[in-house]
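Just so we're aligned, residue 497 is where the sequence shown starts under my numbering, counting upward by one.
Every residue, glycine too, gets a C-beta built ideally from N, C-alpha and C.
Predicted model only: the values in this text are computed from it and were never measured.
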Amino acid sequence: MISLSNNSEEQPSAAQPDGPSHIRTAFSIWLGPFLLLAGLVGAWEMWVQLSHIPRWQLPAPSAIVVELVTSRALLWDNTLVTIQEVVFGFLAALITSLLLAVGIDYSRLLERSIYPLVIASQTIPIIAIAPLLLIWVGYGIAPKIIVVALISFFPICVNAVDGLKSVDPDMVRMMRTLGASRWQLFTKLQVPSALPRTFSGIKIGVAVSVIGAVIGEWVGASAGLGYLMTYSQPLFLTARVFAAIVVLSAMGIALFLLASLAERLALPWYHTEKQAKSLNQS
């Protein structure tokens, strides 16, 4: 009895990393990518400067930084338009994909009829649908929202369906033996089990939503970072095009980090288990 209680008391403390070691681990994870990116940017700067490449052909990173500063008002105004398209489109994709995932899990008919169509829809290039949306919907913000929703829908829906179907069958049988209803099985067992995979799909969907907004703006728009890129390219304002790409990359990274933060707040137990497994493996 004593030895068992001692083991149970020692195990949680061993699984939880202390503060300094956790900071060192996070620092070591980000140090490598940062050094690699800094090296690539430095090599790019040296190559452009030493080769005397025209700025309109390939601007140096320093010229892109100058463009980010001098055109900050123009970039900000167009960024707000792109963010609006991303937010509305992603929310539409999130709501639709989660509702459809629940329907596919509940109904065998929906799983056999609609789910194959969801998978087959990914064979259609989004860039081919965007011009048709301009004909059907018009040149407003609606076609951009639809493109964002279409490109974000698939990873969320597929991961949510896989998560709902990955429930341990032994747990299902045990809860049914205890008299659990179908709704209790869904809320108490399936939803918690599906959340990790669902958040994986959400992180992918929110990251690629920026691509959907840019595609919609390329086809037809009067504002947005994608429109700014297509407007600046014929004028050989290459530094401005790269500046818009930098802002789009920062937007995608920020949205991914926000989704990761939401996952950490919603699933603290999941991240605790992952840290414990990584410590045990190390």
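So, using beta-carbon positions, are residue i and residue j closer together than 8 Å?
i: E541; j: S558; result: yes
i: G659; j: R693; result: yes
i: I698; j: A755; result: yes
i: G712; j: V643; result: yes
i: A588; j: I625; result: no
i: V710; j: L724; result: no
i: N574; j: A719; result: yes
i: Q686; j: V706; result: no
i: Q729; j: V737; result: yes
i: G585; j: A645; result: yes
i: P671; j: L681; result: Correcting the residue identity first, residue 671 is Met in this sequence and not Pro. Yes.
Pull up the distance between the alpha-carbon of residue i and that of residue j, whole angstroms please.
i: A556; j: L564; result: 13 Å
i: G528; j: R608; result: 46 Å
i: I579; j: W714; result: 15 Å
i: L763; j: I647; result: 26 Å
i: S567; j: F695; result: 36 Å
i: P665; j: L606; result: 22 Å
i: I549; j: W543; result: 8 Å
i: F732; j: I560; result: 14 Å
i: F546; j: V537; result: Checking the displayed sequence, the identity of residue 546 turns out to be Leu instead of Phe. Rounded to the nearest angstrom, the two C-alpha atoms are 14 Å apart.
i: V577; j: L531; result: 33 Å
i: P621; j: W679; result: 38 Å
i: L595; j: F649; result: 11 Å
i: W552; j: L744; result: 20 Å
i: L630; j: T768; result: 47 Å
i: L753; j: V562; result: 27 Å
i: W572; j: Y635; result: 21 Å
i: I623; j: V668; result: 43 Å
i: Q512; j: I700; result: With a pLDDT of only 47 at Q512, under the threshold of 50, the placement of this residue in the model should not be trusted; the figure read from the coordinates follows. So the alpha carbons of these two residues sit roughly 29 Å apart.
i: T726; j: K684; result: 50 Å
I think residue i touches residue j, with their Cβ atoms under 8 Å apart; what is that distance to the nearest whole Å?
i: A627; j: V633; result: Just to set this straight, residue 627 is Pro in the shown sequence, not Ala. Incorrect: roughly 11 Å between the Cβ atoms, too far for contact.
i: V657; j: A597; result: 5 Å
Under the three-state reduction of DSSP, which class applies to residue i: helix, strand or coil?
i: E506; result: Confidence at E506 is low in this model, with a pLDDT of 42, below 50, so the placement of that residue is unreliable and no value is reported for it.
i: K699; result: helix
i: Y723; result: helix
i: I549; result: coil
i: I637; result: coil
i: V663; result: coil
i: S476; result: No statement about residue 476 is possible, as the shown extent of the chain runs from 497 to 778 and does not include it.
i: L751; result: helix
i: D597; result: For the record, residue 597 in the displayed sequence is Ala; it is not Asp. Residue state, collapsed to three classes: helix.
i: Q580; result: helix
i: A556; result: coil
Using 10 angstroms around the beta-carbon of residue i, count the other beta-carbons present and answer buried if the total reaches 16, otherwise exposed.
i: T734; result: buried
i: D601; result: buried
i: P651; result: buried
i: S593; result: buried
i: L533; result: exposed
i: A746; result: exposed
i: L674; result: exposed
i: N655; result: buried
i: A690; result: buried
i: L613; result: exposed
I want to see whether chain D comes within less than 8 Å of residue i, judged by CB atoms only; does it?
i: E713; result: Of the protein chains in the structure, only one exists, and it is not chain D.
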